[in-house]
Amino acid sequence: MCSWNPKARRIPYGIQGFEMLRRDNCYYVDKTRFIREIEYSNKYFFLVRPRRFGKTLTMTMLEAYYDINKKDKFEQIFSGLWIGDHPTESRNSYLVLEFNFSLVNGSIEDYKRSFDGICKIEFDSFCDKYSDLLPPETQAELNQCDNAVAKLKKLREKVQKAGQKVYIFIDEYDNFTNNILSDYTQLGRYMDETHRTGYLRTFFNAIKDGSKDAFERLYITGVSPVTLDDLTSGFNIGTNYTAAANFNEITGFTESEARDMIEYYSQYFDFPCSTDKIIETIRPWYDNYCFAEDCFGETTMFNSDMLLYFVDKLCNYRKFPKNIIDSNIRTDYAKLKMLIRKDKEMEFEGSIIQTLVTDGQIVGKLVENFPAENIVIRENFISLLYYFGMVTIGGFVKQEVIFKIPNIVVKEQLMNYLMENYEANNLIFNTYKGDKLISDMAFDGKWKEFFDFVAESVKTFASTRDKAKGESFVHGFTLASTCKCSAYFPHSEADTSAGFPDLYLEPRIDLYRDLKHSYLIEFKYVKAETTQTEIKNKEADAVLQLEKYSKSGFVVQKSKGTTLHCLLVMYKGFEMIVCREVLSVEM
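Here the numbering used here is used: the first residue of the sequence shown is 10, the next is one more, and so on.
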């Protein structure tokens, strides 16, 4: 690690507290203009964004702005920011009550106890922080209440008596939901908590009742709208702004914001290339999120945590990180493994995850909210992938949305999910051997052994259900197998000027200077009854396609400095009958 330039602002990677960020002279992408937008929106505001997308930092920014106790610190906190020059009348005029439900235990058995415990800490902090603005008996009377719902009702009474108004913030409101949904045996208990007289529903009903007087504003964030839908009939005062065009950029970074950040740090650190080259390199990894249909084709967003991770490594080491995917990102995506189970429950529709991995997109309708028991309905499952950030808005066809995988980071996670799905179905892939064979492909040009190995795995372990999926399964399994090697970016159905090759393995020459081999693979699949004449015709078509793809600007540019191998792989049923090199080109 190189020495840090003390003149440069700190990189706020991992910082979620807005005041800490400002106090420690961190670089901040100014999102304070959205304070006015939120203030002019409905008073009970709901926003969903994927994990690690800046939701908590945005919330703590709002808390600092509206907290009545921070009126004297306004200039210190907001000077130099947009809202510092354009403050609203409501600044620093609320008692702020915040809840972070990510700390609530995910087990339904422990849920109520954990929920009450977390809420008690927040109520105690609230009473201590505003003791001079609340009736003196407030803390003592709250201590006599048995649970969070009773405390909330008592607090409403005391706030109203004091003539004050409260702004409630709830972060990760759905944290326990996503854990519970991975185990369908708990769905009944979950329904009890969110329906009828369930505890969580009662808590939100108490907030709704308090909105008549004491609880003037509410801001809720999470990663899915599932819990909100289950609470809706009781808590029907919130407005969902997740897909609103005017809030598309509220979290994450636009390309302009990303450029400004890189340009700022390039003044203090000797970067290995220009800002344009850096953006070109990281765009396919971190960019391409669109959260509003009306913003499609105009603005896409970088994942803020991914970009901050990259900039932090770039500044500290003066070169691109070898691990361009932050290990913390992988950990967070691991929390979404419930998607594998849900995807398997949709077998009558086919695997949505497999379709996405092999085709790069899927068509459906964006559903604003839906109950937990209906997640496995096709449109709802696709929409859940959208809310989790696994797909994004990529266009429109007729009255439906084209959902696309936003970037390579997400694609790798989907490939891992797909591989885990295969393994769950006893399709065993010897990871150690597979990794070794892919490495031999990359550095020694020995490709035949890898495809033989994949074909043997498919033939030996694929189930009857897998075989029914035919070509899409063979393609998907091969593609997922290649994601294990960091030497390549695997592109499925990449949009080149010459068409859409089935699989292109883009070499990561930026990391491995001795990497000498890149690959274009065209898959063909024929049924058991296909004649030899038909097979030869398919082979001829594949040769023409590979010749065309090898000359496309996309492939030529990405393969420079390597030998490009153009391979034809054909299966008859689940038997690989052709695996040959059509041509090789020195790029």
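Don't be surprised by glycine CBs; every beta carbon is placed ideally from N, CA and C. Being a predicted model, the structure only gives us computed values, none of them experimental.
Reduced DSSP category for residue i - H, G, I as helix; E, B as strand; rest coil
i           : result
residue 337 : helix
residue 95  : coil
residue 31  : helix
residue 533 : strand
residue 113 : coil
residue 7   : Residue 7 falls outside the range modelled here, since the chain spans only 10 to 596, and no answer is possible.
residue 180 : strand
residue 348 : helix
residue 248 : strand
residue 307 : coil
residue 316 : helix
residue 45  : helix
residue 100 : coil
residue 22  : coil
residue 107 : strand
residue 488 : helix
residue 323 : helix
Buried versus exposed call for residue i [16 or more other C-beta atoms within 10 Å across all chains shown]
i           : result
residue 29  : exposed
residue 592 : exposed
residue 8   : A question about residue 8 goes unanswered here, because the residues of the chain that appear run from 10 up to 596.
residue 130 : exposed
residue 274 : buried
residue 184 : buried
residue 469 : exposed
residue 286 : exposed
residue 567 : buried
residue 348 : buried
residue 516 : buried
residue 360 : buried
residue 406 : exposed
residue 34  : exposed
residue 571 : buried
residue 575 : buried
Neighbourhood of residue i by C-beta, 8 Å cutoff - its chain only, sequence neighbours within 5 removed
i           : result
residue 511 : 484, 501, 502, 530, 531 and 532
residue 519 : 290 and 329
residue 551 : 531, 533, 577, 579 and 591
residue 321 : 20 and 22
6 Å Cβ shell around residue i - same chain, five flanking residues per side excluded
i           : result
residue 314 : 61
residue 65  : 25 and 180
residue 243 : Its pLDDT being 47, under 50, residue 243 is placed unreliably in this model, and the value from its coordinates should be taken loosely. 210 and 214.
residue 600 : Absent from the model: residue 600. The displayed extent of the chain is 10 to 596, so no value can be given.
residue 449 : 455
residue 52  : 226
residue 167 : 143, 144 and 147
Segment limits, beta strand (DSSP E) that includes residue i
i           : result
residue 228 : 224 to 231
residue 404 : 401 to 406
residue 150 : Counting along the chain, residue 150 falls outside any beta strand (DSSP E), though it belongs to the alpha helix (DSSP H) covering 147 to 152.
residue 589 : 584 to 595
residue 581 : 572 to 581
residue 555 : Where residue 555 is concerned, there is no enclosing beta strand (DSSP E), although the alpha helix (DSSP H) it sits in stretches over 541 to 559.
residue 90  : Where residue 90 is concerned, there is no enclosing beta strand (DSSP E), given that its DSSP letter is neither H nor E.
residue 139 : Taken as a continuous stretch (DSSP letters only), residue 139 belongs to no beta strand (DSSP E), as it is neither H nor E.
residue 53  : 53 to 57
Boundaries (first-last residue) of the alpha helix (DSSP H) holding residue i
i           : result
residue 164 : 157 to 171
residue 517 : Premise fails: residue 517 is in no alpha helix (DSSP H) and is neither H nor E.
residue 12  : Careful: residue 12 lies outside any alpha helix (DSSP H) and carries neither H nor E.
residue 564 : 562 to 567
residue 66  : 64 to 75
residue 38  : Per DSSP, residue 38 belongs to no alpha helix (DSSP H) and is neither H nor E.
residue 524 : Careful: residue 524 lies outside any alpha helix (DSSP H) and carries neither H nor E.
residue 209 : 208 to 219
Residues near residue i by beta carbon distance below 7 Å, same chain, minus five either side
i           : result
residue 383 : 389
residue 101 : 75, 76, 77, 79, 80 and 83
residue 231 : 57, 181, 182 and 183
residue 1   : With the chain running from 10 to 596 in the structure shown, residue 1 is simply not present.
residue 267 : 288, 311 and 316
residue 308 : 257, 258 and 263
residue 369 : 413, 414, 501 and 502
residue 351 : 384, 385 and 390
residue 499 : 488, 491, 492, 512 and 514
residue 297 : 309, 401, 415 and 416
residue 67  : 40, 259 and 260
residue 228 : 54, 68, 71 and 178
residue 373 : 387, 388, 391, 409, 410 and 412
> What are the complete alpha helix (DSSP H) segments, minimum 4 residues, inside the segment 258 to 299?
Replying inline: 264 to 275 and 284 to 295
Practice task
Kindly provide the ranges of any beta strand (DSSP E) runs that are 3 or more residues long and lie completely inside the segment 363 to 424, ordered along the chain.
Solution key: 370 to 373, 401 to 406 and 409 to 413
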